[in-house]
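Read the structure below first, then the notes.
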Amino acid sequence: MAPIALLPLFVTVTTGVSYRLGKSWLGLSRDQVHLLMSIHEGEYLGQTLEPLYVLLNGLGLLWMLVTGGVMVFQQIKPLKKLQSGIAQVKSLFKKPSLHPLDDEK
């Protein structure tokens, strides 16, 4: 499903950034970059489908953020287990203390 959501998000990001940079850095007028904003907002789909495009684009972005967050969380859990395992292994190789009373502190 990610490839389906990726194309509209990529088009939206690319046209939005191009619009802003064209106006701000290149000094283009609003009329010169209007085509980019039309693509960015989905105006080419007509008044009926434009709101649907915006809604699906937003939902696709939220879906990708949530699923990406879940994937990151799943990777963090094994890392915590790995770190506790490494600590256990390190404790096996700990040098014995020359002063037995130091271990009791």
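Sequential numbering of the sequence shown, starting at 118, is according to the working numbering. No residue lacks a Cβ here, since even glycine has one placed at the ideal position from N, Cα and C.
Residues of its chain near residue i, where Cβ-Cβ distance is below 8 Å and the 5 sequence neighbours each way are ignored
| i | result |
| --- | --- |
| Gly-159 | Leu-166, Glu-167, Tyr-170, Val-171, Asn-174 |
| Ser-155 | Tyr-161 |
Residue burial classification, residue i (beta-carbon count within 10 angstroms, cutoff 16)
| i | result |
| --- | --- |
| His-151 | exposed |
| Gly-177 | buried |
| Tyr-136 | buried |
7 Å Cβ shell around residue i - same chain, five flanking residues per side excluded
| i | result |
| --- | --- |
| Met-181 | Ala-119, Ala-122 |
Span of the alpha helix (DSSP H) around residue i
| i | result |
| --- | --- |
| Phe-127 | 119 to 141 |
| Glu-158 | 151 to 158 |
Supposed contact pair residue j and residue i - C-beta distance, whole angstroms, cut 8 Å
| i | j | result |
| --- | --- | --- |
| Leu-153 | Thr-132 | 5 Å |
Residues of its chain near residue i, where Cβ-Cβ distance is below 6 Å and the 5 sequence neighbours each way are ignored
| i | result |
| --- | --- |
| Gln-192 | none |
| Pro-125 | Asn-174 |
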